[in-house]
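Going by the UniProt record's numbering, 1139 is the number at position 1139 of the sequence shown; the sequence numbering is gapless.
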Amino acid sequence: MELFFFFSSAGGSLKLSLGFITVSPPEVVILRNRPLLLNCSGKSDYGDLQIYWKYNNSIINETDNRFQILRNGSLYIERTAHLKRKERKKDDGNFRKEDASFTCLLKNRVGGLASRPIYVFFARMSKTFTFEPQPLTTHEDGQARFSCQIYAVPPADISWYKDGIKLPQNNSRYTFLPSGTLQITGVTLNDAGYYKCQCSNIFRQRNSSEAALTVLPRVEQFQPPVFLSPGEEVTAIVNKPTVLECLADGFPTVELSWKREDGAEIPDHFLRSGNLYFPKVQPNHSGSYVCTAKSVNKEANQILSAIQKIPLTVHVPPKFKKVPVSQIIPLAQTVRFDCDFESIPAVSIQWLKNGEHLSLTGRIKLKSDGNTLVISSPVTADSGIYQCVISNVAGTVTSAARLLVRAPTGQPHPPSGLKAITKSSSVIELSWEPVVSLPSVPVQAYTVHYAPSNGDIETDLVVANTSVTIERLTPYTNYTFYVRAYSNKSASEPSQPIVQMTGEDVPLAAPKVTLSSISPTTLHVQWEQLPMSKARGVLTGHRIYYRKHKQASSTVRSSNIGNEYTITGLTPKQKYDVRVLSGTDAGFPTLSDEAWPWVVHEMPPLSSSKVPLPPTVHLTVLNNTALQVEWRMPADNPYPVDGYYLSYRQQNKRINPRITISANTTKFLLYDLAPQSWYEVYLIAFNKKGESQEAVRKIITSSGDNPDAETVEVVEHPHQLEAEPTSSTQIRLTWKAPETRRNISYYTVRYHPVSASGLVNESYISYIRSTNNEVLITDLQPYTLYEFAVRSHDVDKRQGPFSPTVECRTKEAMPSAPQDLTWSPVDANSIRLNWQPPKYPNGVILAYCILYSTRNSKNLDTWSYKEEKGTESTTILTGLASNTLYYLRMRVKNGAGMSHPTETMNINIPVRHNNTKLPSQEIPTQSPDQYLGIIIGAFIGLGCLIICAVIIKSRNRCCPSPPVDPHVSDGRYSACRGNGYLPQMNGHILRGLPAEKRSSNRESQEMECFTPMLNSCPNGSNDRHLDTKGGYGMCNGRANGIPSQILRNSHSSLSSHQGLVESSPVPNSDHPVPQNSKRYTVNDRKVAENNWMDEAGDITSSTVLLDEEVDTRPAETDPPTASKNDIPANGANNTNVTESSSNIQSKDSTEPHTTCTVPPVSISPRSHPTPPDCLSDSDPTCVPSTSNSPLGERSHSANSSEPLPFSVNAFLSPLAGPRFSQSSNMDAVPEPT
């Protein structure tokens, strides 16, 4: 094992603060009961260094007297006998056992750093050899091979002995391989003898048994080559010596050669004694090698050869291609740590935080490639040291990086008072106390984070209130919730988490069933326990369904405990179908036959025809805890009885062991029973030929309320109930009378529909009396499952218990028609048709049939036809003609047939056809004015160029662009960042701060630009980056690379085209215009009112009200004033209409004026302050632009403290979870291009 550490930081700006100086090797072998010293020392750049140790992943407590941490950080263990052995799985799937694992942990006030594990092994040696020498016979000049292998820690050194004398190492005929193999080439008669191997390490020395080598005289007869080496795959570690063995015997002497299967060349110095030797094996040596053994048969004049393939795999320790980088980030900005590597073979990657295992959730997770750790919406608690640990069988590498999450001042307090209420199996209601915040930074929204408490994926959502109902949760699962508050400047720390469990639900599946016959009439049913993910609650009961093979009805037995049940009274050599359903307090599931199949089992036949007949059993209740069992054999029983087997059980519980009773006994007393409980008693007669069928009786013990009462004789219930559906509304029920037949006068049949929950509504239960052993039950619902039970009544008006229930389903009937048919056009020739299932399906819906035609004929066979599966609820009809009336009807098909059609629906796809023909339909004609369009276009273009030149000149005269300092940004000039919008604003207005302080207020830069309730965007760089559309922000009078005049022209053109331009009001003297404001236009306000979001996350362009520094130039003229009489009324026809707010002068003004705008930024209309009318009081060239503000409305201050609008659609980062809402882009105004 090799270990490498890598530490990195972002440009050296953030130090890791911790590092190891010395650490013990990754594997340590010691003798038992000997002291152990493990070294560990490190350094700390921030705060005091603390050294801890972990033993088997648990922190060693200072009070544990088994361990002692020395002052230099080393761990000392005086006696190592107490170390517990554990198993660690290697990457190759095998298990290696180490006695203990230790980890050194460095900590300071920044975080923690863990060393790689140090595995401690006790020295040992197996008592038996894996391979030891075996007797061998060869000929003179032949080859011999002995193997020796034993499990030992550390690996044993192997020496070879012949006749008790150690073999010399310098004899070229002896080859000692690292695997423990001995090769003898050119065997002589003197090599005959007894060979053994000796294995030794620091633990002990062990000798193998001796193996005799017999050498026969040379045989001058051709023998084909035979391999003595096994030819097994070899795995090696890079830079370690490796040997590929090849040894073959034959006559004459075999010639060995090597080659790579891929044809690559093998250096000659790698060949030694026929073996292939790699002094330092490299990754490029991996491959399949072929050893060829050739032998020449001179008599036959032929060459015989044999080949042996040996694959070689070279393992390479992991190597980093990219390491994590230390980072300093503001609160809530997504963090990514890259850990890319390469290795052979595959590796296990582990992430640690402060030396502890990092649990992955929805907020902290790995990307799909597994090499990048992503932390979404980080909090200050996420600060620390993160380690990427990569291991394989060849070594371990680790890299560490530090994360510092900075919280700004004015951070909201975390929410408190979390309360969770379980509403259902999938819904939890969460509420909390409102966060008290300053008026300048009010809390605008909250994020709710929740995840299963077992560490599954975390989900989050945005809410504006202090309560939320969370749906679509997993039933019967603990969830952990916490909440964060957001202002327009920062996000709070997480609240204290709260854990709440969802309610129970019905299971999702049925358990797997196993059947086995106890006797020809008794069947043992056993089922597996459902896993928690399938059970979705505590299983409180089970239903056992059984029937004769493919019978319509099935008998139902219930069991509340265990996972087994015994069915008695079955017919020998009869096939039965069995299945089991488990339920919770929420009920039992409704499953299809595919998800809940029957298990078929055939009962065994009677062992002999000479077994006794089943006895007749009678039960009598003696008191509340005892009953007497009496029986007699039938008078016509022809075979002798050697004894009886009696067993019993409380209903829904397991059967007690059999009791053997002698043949001359006819009574038995059962005592210590539970009061007021049902019991089943089973009796079997047997002889030497076998056992009789089982006799089963049921009885209920008394309640014990009247101890002086006489014995009670219970009226028995009927048995062998069978139900058969005769139609969709009728079921025939038959049964057999009780065995005793004591004065039975009539029967009561109880039946009701079976509900999915298992609960029975009393109003749905019906009763029928019958004096016969069968009854036809009518007026039932089609394709509905019913439950039946029968009880007996005697002449003394006593009634017995109801029999075990049977279930039967009525047959299918014709379904009703589909409901709620709707349609919508897809294109000029297609429509989408939607519908709802029929109100009364009356069976399994097989298909939906769509009929349509241009003729409303009564004969539906002439209509066009399309069929959809019964699980569908929508379809697309294609090939229709536009502007054509179609008639459409639908039908439903199930097993009983086709439903009646729906009412006729009229369909027509209206399409307006252009008079212009398609290019393929056009007839080429020669227009006499074919060049007129080109001439007009040229003049228009020339006019546009002249207008642009005038605009640019006016712009430079009105709003000269001062030099921009990339390090200083005010409210007037935007730094070249963002998507062409204002600096560090993410498309929003900075409120509550003077212009000169906004760019310097770095404390609010805690979230990413795409978090919209924060009006600050972290300034990660001073570079003037291009925006996402390839342009710059507001740089030198340009937004997105376009002059502001053109932007104004675009907006004006849009507004005038839409008819939105109104009369230009004249400033009122009662409403002075602030000098530090620029205006926005009516068309821009209209854009904001329509929609300020183009798509999710994209901000619509519109003009923004922007603070401006006060112009310190002396005023040349007084501000223009006007009387109220000069102000035209809204909607009046005024010739003095401003066609453009940027390049058209007002006729009411005595001098030309130009209004300067800035790149448009989307602002919610409810948050727009009413714009002032001029740039400056001292600007003689300024005239009011058109505005849709009502006359006399007082302008709001640019520093208004109104709530900042935000889009919850872009509230969280893309990795933070689902969006809150969607914004339409139907009315969005595109940016000028």
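Note that the Cβ used here is the ideal one computed from N, Cα and C, for glycine as well. Keep in mind the model is a prediction, meaning the values are calculated, not measured.
{"query": "Secondary structure of P1172, DSSP reduced to three states", "result": "Since pLDDT at P1172 reaches only 39, below the 50 mark, its modelled position is unreliable, and no value is offered."}
{"query": "Nearest residue (CA-CA) to V290, options S853, L244, K298, K319", "result": "L244"}
{"query": "One or two residues paired with H357 in a DSSP bridge", "result": "L352"}
{"query": "Assigned secondary structure, P224 (DSSP; H/G/I helix, E/B strand, else coil)", "result": "strand"}
{"query": "Sequence-distant residues of the same chain with beta carbon closer than 8 angstroms to S209, five excluded per side", "result": "E132, P133, K196"}
{"query": "Local conformation of N207 per DSSP, three classes", "result": "strand"}
{"query": "Secondary structure of S533, DSSP reduced to three states", "result": "helix"}
{"query": "Burial state of F20 (16 or more Cβ within 10 Å)", "result": "buried"}
{"query": "Minimum length 3: unbroken beta strand (DSSP E) runs contained in the UniProt domain \"Fibronectin type-III\" (717-813)", "result": "719-725, 731-736, 744-753, 766-770, 774-777, 785-794, 805-809"}
{"query": "Where the beta strand (DSSP E) containing G395 begins and where it ends", "result": "395-406"}
{"query": "Residue nearest to N65 in terms of C-alpha spacing, selected from L821, W432, I77", "result": "I77"}
{"query": "Rounded straight-line distance, which links the Cα of A817 to that of T1011", "result": "Summary for T1011: the model assigns pLDDT 42, below 50, so the residue's position carries little reliability; its value from the coordinates is reported in the next sentence. So the two alpha carbons sit approximately 51 angstroms from each other."}
{"query": "Endpoints, the beta strand (DSSP E) within which C104 is located", "result": "100-107"}
{"query": "DSSP-derived helix/strand/coil call for A212", "result": "strand"}
{"query": "Length of the line joining the Cα atoms of M532 and Y565", "result": "22 angstroms"}
{"query": "Close Cβ partners of D794 (< 7 angstroms) along its chain, the five nearest in sequence each way excluded", "result": "V715, R742, N743, I744, S745"}
{"query": "Close Cβ partners of E722 (< 8 angstroms) along its chain, the five nearest in sequence each way excluded", "result": "Q551, S553, L733, T734, W735, V806"}
{"query": "Per DSSP, cross-strand counterpart(s) of D460", "result": "H449"}
{"query": "Nearest-angstrom Cβ-Cβ length linking S492 and P442, presumed shorter than 8 angstroms", "result": "About 13 angstroms separates the two Cβ atoms, so there is no contact after all."}
{"query": "CB contact flag (V599, H549, <9 angstroms)", "result": "no"}
{"query": "Rounded straight-line distance, which links the Cα of S727 to that of Y576", "result": "25 angstroms"}
{"query": "Contiguous alpha helix (DSSP H) assignments of at least 4 residues, all confined to the segment 134-177", "result": "none"}
{"query": "E233 to V393 span [Cα, whole Å]", "result": "17 angstroms"}
{"query": "T862 - DSSP class collapsed to helix/strand/coil", "result": "helix"}
{"query": "The segment 269-276 / the segment 347-359 touching (three or more Cβ pairs under 8 angstroms)", "result": "no"}
{"query": "Residue range of the unbroken beta strand (DSSP E) whose run includes E255", "result": "255-260"}
{"query": "Span of the beta strand (DSSP E), counted from its first residue to its last, around R891", "result": "886-894"}
{"query": "Closest Cα partner of I731 within the set R809, A663, E694", "result": "R809"}
{"query": "Spatially closest choice to T253 from V153, K298, P614, by CA coordinates", "result": "K298"}
{"query": "Buried versus exposed, by CB contacts within 10 Å (16 or more), V405", "result": "buried"}
{"query": "Delimiting residues of the beta strand (DSSP E) encompassing S554", "result": "554-559"}
{"query": "Counted within 10 angstroms of its Cβ, other Cβ atoms place G42 as buried (16 or more) or exposed", "result": "buried"}
{"query": "Distance CB(P804)-CB(S899) smaller than 9 angstroms", "result": "no"}
{"query": "Stretch pair the segment 501-515 + the segment 580-595: three plus CB contacts closer than 8 angstroms", "result": "yes"}
{"query": "Within 9 angstroms, strictly: CB atoms of T878 and I909", "result": "no"}
{"query": "Local conformation of L373 per DSSP, three classes", "result": "strand"}
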